[in-house]
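Q:
There are 2 protein chains.
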Amino acid sequence: MASIKDVAAQAGVSVATVSRVLNSHPSVSPDARARVIAAVETLGYRPNAVARSLRTDQTRTLGLVISDVLNPYFTELARFVEEEARALGYSVIIGNADERPELQDHHVRTLLDRRIDGLLVSPADGRSPLTLDAARGGTPMVFVDRWVPGVDVPVVRADGREAVRDLVAHLHGLGHRRLAIIAGPAATTTGHERVEAFREALREHGLALPDAYIGQGDFQADSGRRATERFLSLPEPPEAVFAADNLMALGALDAIRARGLRVPDDIGFAAFDDIPWFVHTDPPITAIAQPTAELARAAVRALADLIEGRPPQSVTLPARLVVRRSCGEPHDEPHDEPRGESRGAPRGEPHADRGREQRRSTP
Amino acid sequence: MASIKDVAAQAGVSVATVSRVLNSHPSVSPDARARVIAAVETLGYRPNAVARSLRTDQTRTLGLVISDVLNPYFTELARFVEEEARALGYSVIIGNADERPELQDHHVRTLLDRRIDGLLVSPADGRSPLTLDAARGGTPMVFVDRWVPGVDVPVVRADGREAVRDLVAHLHGLGHRRLAIIAGPAATTTGHERVEAFREALREHGLALPDAYIGQGDFQADSGRRATERFLSLPEPPEAVFAADNLMALGALDAIRARGLRVPDDIGFAAFDDIPWFVHTDPPITAIAQPTAELARAAVRALADLIEGRPPQSVTLPARLVVRRSCGEPHDEPHDEPRGESRGAPRGEPHADRGREQRRSTP
DNA sequence: CCTCCTCGTGGAATCGATTACAAGGAGGAT
DNA sequence: ATCCTCCTTGTAATCGATTCCACGAGGAGG
Chain A
9 MASIKDVAAQ AGVSVATVSR VLNSHPSVSP DARARVIAAV ETLGYRPNAV
59 ARSLRTDQTR TLGLVISDVL NPYFTELARF VEEEARALGY SVIIGNADER
109 PELQDHHVRT LLDRRIDGLL VSPADGRSPL TLDAARGGTP MVFVDRWVPG
159 VDVPVVRADG REAVRDLVAH LHGLGHRRLA IIAGPAATTT GHERVEAFRE
209 ALREHGLALP DAYIGQGDFQ ADSGRRATER FLSLPEPPEA VFAADNLMAL
259 GALDAIRARG LRVPDDIGFA AFDDIPWFVH TDPPITAIAQ PTAELARAAV
309 RALADLIEGR PPQSVTLPAR LVVRRSCGEP HDEPHDEPRG ESRGAPRGEP
359 HADRGREQRR STP
Chain B
9 MASIKDVAAQ AGVSVATVSR VLNSHPSVSP DARARVIAAV ETLGYRPNAV
59 ARSLRTDQTR TLGLVISDVL NPYFTELARF VEEEARALGY SVIIGNADER
109 PELQDHHVRT LLDRRIDGLL VSPADGRSPL TLDAARGGTP MVFVDRWVPG
159 VDVPVVRADG REAVRDLVAH LHGLGHRRLA IIAGPAATTT GHERVEAFRE
209 ALREHGLALP DAYIGQGDFQ ADSGRRATER FLSLPEPPEA VFAADNLMAL
259 GALDAIRARG LRVPDDIGFA AFDDIPWFVH TDPPITAIAQ PTAELARAAV
309 RALADLIEGR PPQSVTLPAR LVVRRSCGEP HDEPHDEPRG ESRGAPRGEP
359 HADRGREQRR STP
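Residue numbers (this note's numbering), protein chains in the order written: chain A, 9 to 371; chain B, 9 to 371.
#1: Looking only at its chain, what residues have a beta carbon closer than 6 Å to the beta carbon of Ala10 (chain A), apart from the 5 residues adjacent to it on each side?
#2: Within 8 Å (strictly less), CB to CB, does Thr236 (chain B) reach chain A?
#3: Roughly how far, in whole angstroms, is the beta-carbon of Ala312 (chain A) from the beta-carbon of Leu96 (chain A), given that I think they are within contact range, below 8 Å?
#4: To which residues does DSSP link Asn104 (chain B) through a beta bridge?
#5: With respect to the alpha helix (DSSP H) encompassing Pro157 (chain A), which residues constitute its N-terminal and C-terminal limits?
#6: Pull out every residue of the stretch 62 to 91 of chain A whose Cβ sits closer than 8 Å to any Cβ of chain B, in chain order.
#7: Pick helix, strand or coil for Thr50 (chain A), following the three-state DSSP scheme.
#8: Look up Gly348 (chain A) in the DSSP assignment and say whether it is helix, strand or coil.
#9: Quick check: the Cα distance between Tyr81 (chain B) and Asp141 (chain A), rounded to an integer number of angstroms?
#10: Thr324 (chain B): buried (16+ other C-beta within 10 angstroms of its C-beta) or exposed?
#11: Is there a Cβ of chain A sitting closer than 8 Å to that of Leu258 (chain B), yes or no?
#12: Relative to the C-alpha of Pro243 (chain B), which candidate in B:Arg186, B:Ala166, B:Leu255, B:Ser130 has its C-alpha closest?
#13: Using a C-beta to C-beta distance shorter than 8 Å, which residues of chain B count as neighbours of Trp155 (chain A)?
#14: Is there contact here, the stretch 53 to 73 of chain B with the stretch 115 to 123 of chain B, by at least three beta-carbon pairs under 8 Å?
#15: Near Ala191 (chain A), which residues of its chain fall below 8 Å by C-beta distance, leaving aside the five closest residues on each side in sequence?
#16: With DSSP as the reference, please indicate the residues paired to Asp167 (chain B) in a beta bridge.
#17: Is the beta carbon of Asn79 (chain A) sitting closer than 8 Å to the one on Leu261 (chain A)?
#18: Tell me whether the beta-carbon of Val383 (chain A) lies closer than 8 Å to the beta-carbon of Val15 (chain A).
#19: Quick check: the Cα distance between Arg207 (chain A) and Glu337 (chain A), rounded to an integer number of angstroms?
#20: Is the beta carbon of Ala248 (chain B) less than 8 Å from the beta carbon of Phe277 (chain B)?
#21: Would you mind reading off the limits of the beta strand (DSSP E) that contains Phe277 (chain B)?
#22: For Ser231 (chain A), is the classification buried or exposed, using 16 other Cβ atoms within 10 angstroms of its Cβ as the cut-off for buried?
#23: For the candidate residues A:Asp273, A:Pro292, A:His288, whose alpha-carbon lies nearest to that of Ile293 (chain B)?
#24: Contact defined as beta carbons within less than 8 Å: I believe Gln321 (chain B) pairs with Ala166 (chain B). What is the distance between those atoms, to the nearest angstrom?
#25: Would Val331 (chain A) pass as a contact of Val89 (chain A) if the rule is Cβ separation under 8 Å?
#26: Measure from the alpha carbon of Ala209 (chain B) to the alpha carbon of each residue in B:Arg173, B:Phe286, B:Ala235, then state which is nearest.
#27: Report, in whole angstroms, the separation of the C-beta atoms of Ala105 (chain B) and Ser99 (chain B), which I expect to be a contact under 8 Å.
#28: Pro319 (chain B): which of B:Trp285, B:Pro284, B:Gly181, B:Val150 sits nearest, CA to CA?
#29: To the nearest angstrom, report how far apart Val129 (chain B) and Glu84 (chain A) are at their CA atoms.
#30: Determine whether the beta carbon atoms of Arg233 (chain B) and Ala263 (chain B) lie at a separation below 8 Å.
#31: I need the DSSP call for Met9 (chain B), collapsed to helix, strand or coil.
#32: Ala188 (chain A) and Phe227 (chain A) - do their beta-carbons sit closer together than 8 Å?
#33: Considering only C-alpha positions, which residue in the set A:Pro246, A:Ala235, A:Val36 is nearest to Ala257 (chain A)?
#34: Verify the CB distance criterion: does Arg318 (chain A) have a CB-CB separation below 8 Å to chain B?
#35: Can you give me the C-alpha to C-alpha distance between Gly168 (chain B) and Ile275 (chain B), rounded to a whole angstrom?
#36: How about Val58 (chain A) and Leu175 (chain B): do their beta carbons lie closer than 8 Å?
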């Protein structure tokens, strides 16, 4: 592969001049510039990013460590992160922790070894010392979605408290009283925050959240399945189950279906994180949607600010409840309402069924 | 951040010795080795991968350019690719082309600039000259899933021909005669191969595939929606629709639902690519499943072979039909069969509903 | 006791860029 | 004509590693 020396030789100038042309430094004569450009063209030269990074001590690369690529929420996040980063002139390297702390460490280490300019982390485990060392060691870092309390790192996340309150009001309004939750790992903020928000919302309705109604999950489908099986085996099983992420929701649905039960007739159901498929499940699933694109953009901007020496901003955006049919039919709608063509969604709507959905802001 | 010089100074040896210890070169005295290791420890030294890459001319990194991260099939592929690569001592950088040729070019260029050791590509557009130039330019490359004919690059892919034939037999057996397909872009191999397989299978049953029954999609949900709307507006709409990937399937379901039609009663439905959610849709969707993990592993191994100078192997694995209920109830099963606990799947089954599924190999 | 090998070690070149510094030439002001 | 600027250019140092080569010490063999 051609190097800068080859270009210099071909253009009859020194490597310094070639470099100046490449970096659009002003003091290069039009003649030299033209000759360099021609040489670059004929040789098909592309600067070696590795060498450049070594010299300039910057890679124009961001690391993104997410907890689980197979989780559509994180996939979407990753996609928007890359988009915004590209707009700001950065590349993104994704590390998938698979909800395993040691894998998270592996990726953080690898990314640090590659001297990425900054790190976007959604910690699978807040206790990993490696990540915190990196932050203290001066690596620009921003937490997305999940964070670690007590560390001086900007946080970009969604606040589901209001939406959870709306959800509980919705469930309560439909007559459900025994409400259970499948929680994420306690080592993650999203793991216990969602439980606390749920517990608090229940209290507002004079309801308790017994331990038996808290399933310990790990944000993976299997744990949702197991927790739900346990719920259903209880002498007094819950009337509605709330899964704290969409993968555990998948597992929970598996378990409910395996029992031969029907949602919402036999049991109400809702999930955190909204994904396109929730419109097409049987029945469509009531979910709490996060503003993923905005989160991604805010996180990248905060990280870029940190890297480029501007003051970064922590951001918290509200999640919102999207009501569908998995908790029961709303009272004000007839049960066997005809579904004609007239109900078709207008063009441009991302999902046709959204016409039936009700969005809640505050009750 | 500490460099190799700092370690050398701390250990009282030269940088050469430090480097030898780091690369476990045999001729280092036990004493020196111990001092270096201690120095590395106290300084928290980690070798700079950028500098190392510049010198050794290898990055131990693979590039993976996929057509769309939001497509669960590719996400899964990416996950397994990273897993296998990690096992072989490589990192992976993912580039998401979003089905846009110019974005694919952007990522290929960026990855090449970073001097990745090899490239795994699922071409969004076979006509992109950049990718082919790279292949001819000597960059180790392997095509996954999609490929470009007439280029000397190993291909790892699934062959859906048999499974499509099984699907058509299944549809025919359920009485469907007017069958339509939502195709992917003609510029991709998977785009036209699936149509050809479908057409051929229809011919075996004496059925034709009129142009009106071929929807031109682009592997994105929206195109599936539009194609399906067009099908349903036909004077003689198809009795069953086959979507060539899971995202177009999502769009197609949106369109069917918007019309107030029911699957499978009003229209039969099937899709290429099986995803976990297909078990929980209304109704569960009959799909053609690809052996994603095996494809990913084979692709990474082929690429590693190429990089490390061994002869690489092209691999083609069969896809297989997974029958659920979206094409109609199988004749030999009662329609309103009771769903008791006895039908629950055994523990350990990834998805509970699989108990109901029938796997076909050949009709 | 001398020679030859082996082993451990350090010096220095190298990878491909960027950039500080010096130097040469052109042009304007005096 | 001389001096001073400004503009352009090249030489060489540098980033942090790896690795070739040379050198000295020490042991084996003659």
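For glycine and all other residues, C-beta sits at the position ideal for the given N, C-alpha and C.
Values in this document were obtained by computation on a predicted structure and should not be read as measured data.
A: Let me spell this out:
#1: Taking the first residue of the first sequence as 1, we reach residue 10 (chain A) at position 2. Within the same chain, Ala10 (chain A) has close Cβ partners Leu51, Tyr53.
#2: Taking the first residue of the second sequence as position 1, residue 236 (chain B) is located at position 228. No, Thr236 (chain B) lies away from the interface with chain A (no Cβ there is under 8 Å from its Cβ).
#3: Here residue 312 (chain A) is taken as the residue at index 304 of the first sequence, counted from 1. Here residue 96 (chain A) is taken as the residue at index 88 of the first sequence, counted from 1. Confirmed, Cβ separation roughly 5 Å.
#4: Start at 1 with the first residue of the second sequence, and residue 104 (chain B) comes out as number 96. For Asn104 (chain B), which the question treats as bridged, DSSP gives the partners B:Ile74.
#5: Counted from its first residue, the first sequence places residue 157 (chain A) at position 149. No alpha helix (DSSP H) contains Pro157 (chain A), which DSSP labels as neither H nor E.
#6: Leu62, Thr67, Val77, Leu78, Pro80, Thr83, Glu84, Ala86, Arg87, Glu90
#7: By 1-based counting over the first sequence, the position of residue 50 (chain A) is 42. Looking at Thr50 (chain A) - three-state DSSP - the assignment turns out to be helix.
#8: The residue labelled residue 348 (chain A) in the question sits at position 340 within the first sequence. Here the model assigns Gly348 (chain A) a pLDDT of 33, short of 50, so the residue's position is not dependable, and the following value carries that caveat. Gly348 (chain A): coil per DSSP, three-state reduction.
#9: Here residue 81 (chain B) refers to the residue found at position 73 of the second sequence. Here residue 141 (chain A) refers to the residue found at position 133 of the first sequence. If I take the Cα positions, the gap works out to 36 Å.
#10: Here the question's residue 324 (chain B) lines up with position 316 in the second sequence. By the neighbour-count rule (16 or more Cβ atoms within 10 Å), Thr324 (chain B) is not buried but exposed.
#11: Position 250 of the second sequence, counting from 1, holds the residue named residue 258 (chain B). Closer than 8 Å: yes.
#12: In the second sequence, the residue the question calls residue 243 (chain B) occupies position 235. The shortest Cα separation from Pro243 (chain B) among B:Arg186, B:Ala166, B:Leu255, B:Ser130 belongs to B:Arg186.
#13: Taking the first sequence and counting its residues from 1, one reaches residue 155 (chain A) at position 147. Within 8 Å Cβ-Cβ: nothing; Trp155 (chain A) doesn't reach chain B, min ~24 Å.
#14: yes
#15: The count along the first sequence starts at 1 and reaches residue 191 (chain A) at position 183. Closer than 8 Å at the Cβ level, and outside the excluded window around Ala191 (chain A), lie Gly199, His200, Arg202, Val203, Ile222, Gly223, Gln224, Gly225, Ala252.
#16: As a first step, residue 167 (chain B) is located in the second sequence; it is residue number 159 there, counting from the start. Looking at the DSSP assignment, Asp167 (chain B) forms a beta bridge with B:Pro326.
#17: Here residue 79 (chain A) refers to the residue found at position 71 of the first sequence. Here residue 261 (chain A) refers to the residue found at position 253 of the first sequence. Not closer than 8 Å, so no.
#18: Any question about residue 383 (chain A) goes unanswered here, given that chain A covers just 9 to 371.
#19: Here the question's residue 207 (chain A) lines up with position 199 in the first sequence. Here the question's residue 337 (chain A) lines up with position 329 in the first sequence. Rounded to the nearest angstrom, the two C-alpha atoms are 24 Å apart.
#20: By one-based count along the second sequence, residue 248 (chain B) stands at place 240. By one-based count along the second sequence, residue 277 (chain B) stands at place 269. Yes, they are a contact pair.
#21: The residue labelled residue 277 (chain B) in the question sits at position 269 within the second sequence. Counting along the chain, the beta strand (DSSP E) containing Phe277 (chain B) begins and ends at 276 to 280.
#22: Taking the first sequence and counting its residues from 1, the one referred to as residue 231 (chain A) is at position 223. Buried: at least 16 other Cβ atoms inside 10 Å.
#23: As a working mapping, residue 293 (chain B) is identified with position 285 in the second sequence. The shortest C-alpha separation from Ile293 (chain B) is found at A:His288.
#24: As a working mapping, residue 321 (chain B) is identified with position 313 in the second sequence. As a working mapping, residue 166 (chain B) is identified with position 158 in the second sequence. 15 Å between Cβ atoms; not a contact.
#25: For the purposes of this step, residue 331 (chain A) is taken as residue 323 along the first sequence, with counting starting at 1. For the purposes of this step, residue 89 (chain A) is taken as residue 81 along the first sequence, with counting starting at 1. Not in contact: Val331 (chain A) and Val89 (chain A) (Cβ atoms no closer than 8 Å).
#26: On the second sequence, position 201 is the one that residue 209 (chain B) refers to. Among B:Arg173, B:Phe286, B:Ala235, the Cα nearest to that of Ala209 (chain B) belongs to B:Arg173.
#27: Position 97 of the second sequence, counted from the first residue, corresponds to residue 105 (chain B). Position 91 of the second sequence, counted from the first residue, corresponds to residue 99 (chain B). At roughly 20 Å, the Cβ-Cβ gap does not stay under 8 Å, so Ala105 (chain B) and Ser99 (chain B) are not in contact.
#28: Position 311 of the second sequence, counting from 1, holds the residue named residue 319 (chain B). Closest option to Pro319 (chain B), Cα to Cα, is B:Val150.
#29: Residue numbering aside, residue 129 (chain B) sits at position 121 when the second sequence is read from its first letter. Residue numbering aside, residue 84 (chain A) sits at position 76 when the first sequence is read from its first letter. Spanning the two alpha carbons is a distance of roughly 21 Å.
#30: Locating residue 233 (chain B) in the second sequence gives position 225, counting from the first residue. Locating residue 263 (chain B) in the second sequence gives position 255, counting from the first residue. Yes, these two residues count as a Cβ contact at 8 Å.
#31: Taking the second sequence and counting its residues from 1, the one referred to as residue 9 (chain B) is at position 1. Coil at Met9 (chain B), not helix or strand.
#32: By 1-based counting over the first sequence, the position of residue 227 (chain A) is 219. By 1-based counting over the first sequence, the position of residue 188 (chain A) is 180. Not closer than 8 Å, so no.
#33: Counted from its first residue, the first sequence places residue 257 (chain A) at position 249. The option with the nearest alpha carbon to Ala257 (chain A) is A:Ala235.
#34: For the purposes of this step, residue 318 (chain A) is taken as residue 310 along the first sequence, with counting starting at 1. Answer no: the Cβ-Cβ gap between Arg318 (chain A) and chain B never drops below 8 Å.
#35: One-based indexing of the second sequence puts residue 168 (chain B) at position 160. One-based indexing of the second sequence puts residue 275 (chain B) at position 267. Roughly 23 Å between the two C-alpha positions.
#36: Taking the first residue of the first sequence as position 1, residue 58 (chain A) is located at position 50. Taking the first residue of the second sequence as position 1, residue 175 (chain B) is located at position 167. In this structure, Leu175 (chain B) does not lie closer than 8 Å to Val58 (chain A) by Cβ.
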